[in-house]
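Undergrad: This is the structure, below, for whatever I ask next.
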Amino acid sequence: MIPTLQLTSIHLRVRDLARSLDFYTRQLGFVVLTADATAATLATAPGSPGLLQLAAAPSAPIASADAAGLFHAALLFPNRAALGRWLRRAADLGVAFDGFSDHGVSEAIYFNDADGNGLEFYSDRPRDQWPKTDGDNLAMFTRPLDLPGLLAAAADAPVNADAPPLADARWGHLHLRVTELDRAQEFYDRTLGTRLMVSLGDSARFLAADGYHHHLGLNTWTRSRRAQPPGALGLASATFALRGTGAPQTLHDPDGIALHITDWT
965 MIPTLQLTSI HLRVRDLARS LDFYTRQLGF VVLTADATAA TLATAPGSPG
1015 LLQLAAAPSA PIASADAAGL FHAALLFPNR AALGRWLRRA ADLGVAFDGF
1065 SDHGVSEAIY FNDADGNGLE FYSDRPRDQW PKTDGDNLAM FTRPLDLPGL
1115 LAAAADAPVN ADAPPLADAR WGHLHLRVTE LDRAQEFYDR TLGTRLMVSL
1165 GDSARFLAAD GYHHHLGLNT WTRSRRAQPP GALGLASATF ALRGTGAPQT
1215 LHDPDGIALH ITDWT
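All residue numbers for the sequence shown refer to the working numbering, where the first residue is 965 and numbers rise by one.
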């Protein structure tokens, strides 16, 4: 199958650019492609495409707890061993983790940056191992992560000592807080060609193209009641590559979140 959709870039507004650069580079392992006093573009390895833009916004408002916006941006590692190696390094550097979960389709590590932007670093299980319901639909769950097994996978795999910590990682999905699930799903299905893969009652939905488990997560867990405030700290925009879309587009979802769509050729 030729993939049709990929999350390619995240743009964040941050309070203190120097502080954020230290966190994303020294602790997480991103590399700087360009930087000045107001903005920086980061990649997962030298020569790789920029996939994270940080913009200094020292006076930006903080969105209220009931506003729509970023729940987390999720970086996909090429395999379990690579995720385990990154975890060992990050723990040694003092990254403060929020949680570790086995979702059946993937194994995930959660944490926040200094501005409270949620991040997930994860690796997928092979598709033929993804759990299914009795009706052969995709089933995702949240169970404790096998941390010893993850670290053992890293220890057992060959290591390229010269490879950057995030080599071959890329954005895997974007998870958003939204005010209304039906409206948000209709927008993303129509705009990106996704479809519903998993629904968690009336509180969360996971949408994808190409049979993936999700390119987008949507939730109302914080009971968001208002759109994302313009110019607030956090997610400024997300960019998706969509095969066959033609000319680039810039749109806003029903909650005011900016979305750039480029043609994936």
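Don't be surprised by glycine CBs; every beta carbon is placed ideally from N, CA and C. Computed from a predicted structure; not experimentally measured.
(1) Relative to the C-alpha of Thr-986, which residue among Leu-1047, Gly-1063, Ala-1078 and Asn-1043 is closest?
(2) Tell me the DSSP secondary structure of Asp-1126 in three-state form.
(3) Buried or exposed: where does Glu-1150 fall if 16 or more other Cβ atoms within 10 Å of its Cβ makes it buried?
(4) Quick check on Gly-1063: buried or exposed, where buried means 16 or more other Cβ atoms within 10 Å of its Cβ?
(5) Return yes when the Cβ of Leu-1180 is within less than 8 Å of the Cβ of Leu-906, no when it is not.
(6) Can you tell me whether DSSP reads Phe-1151 as helix, strand or coil?
(7) Quick one: residues in its chain with C-beta nearer than 8 Å to the C-beta of Ala-1196, no 5 flanking neighbours on either side, listed in chain order?
(8) Leu-1223 and Ala-1133 - do their beta-carbons sit closer together than 8 Å?
(9) Please name the residue, chosen from Asp-1217, Thr-1229, Ser-1188 and Ile-1221, that lies closest to Ala-1211 on a Cα-to-Cα basis.
(10) With Asp-1120 as the anchor, note down where its beta strand (DSSP E) starts and where it stops.
(11) To the nearest angstrom, how far is the alpha carbon of Leu-1130 from that of Ile-1225?
(12) Please check the pair Ser-1065 and Asp-1088, which I expect to be a contact at CB under 8 Å, by giving their CB distance rounded to whole angstroms.
(13) Which residues does DSSP pair with Asn-1183 in a beta bridge?
(14) Looking at the structure shown, is Gly-1175 part of a helix, part of a strand, or coil, going by DSSP?
TA: Here's the rundown:
(1) It is worth fixing the name first, because residue 986 is Asp in this sequence and not Thr. Cα-wise, what sits closest to Asp-986 is Ala-1078.
(2) The answer is coil: DSSP assigns Asp-1126 none of H, G, I, E or B.
(3) Counting the other Cβ atoms within 10 Å of the Cβ of Glu-1150 gives fewer than 16, which makes it exposed.
(4) exposed
(5) Outside the shown range of the chain (965 to 1229) lies residue 906, about which nothing can therefore be said.
(6) helix
(7) Arg-977, Ala-1024, Pro-1025, Ile-1026, Ala-1027, Ala-1031 and Gly-1033
(8) No; because the gap between Cβ atoms is not below 8 Å, this pair is not in contact.
(9) Considering only Asp-1217, Thr-1229, Ser-1188 and Ile-1221, the residue with the shortest C-alpha distance to Ala-1211 is Thr-1229.
(10) First-last for Asp-1120: 1111 to 1120, but that is the alpha helix (DSSP H), not the beta strand (DSSP E).
(11) When rounded, the separation of the alpha-carbon atoms in Leu-1130 and Ile-1225 is 25 Å.
(12) Rounded, the Cβ-Cβ distance is 13 Å, inconsistent with contact.
(13) Bridge partners of Asn-1183: Arg-1141 and Ala-1168.
(14) coil
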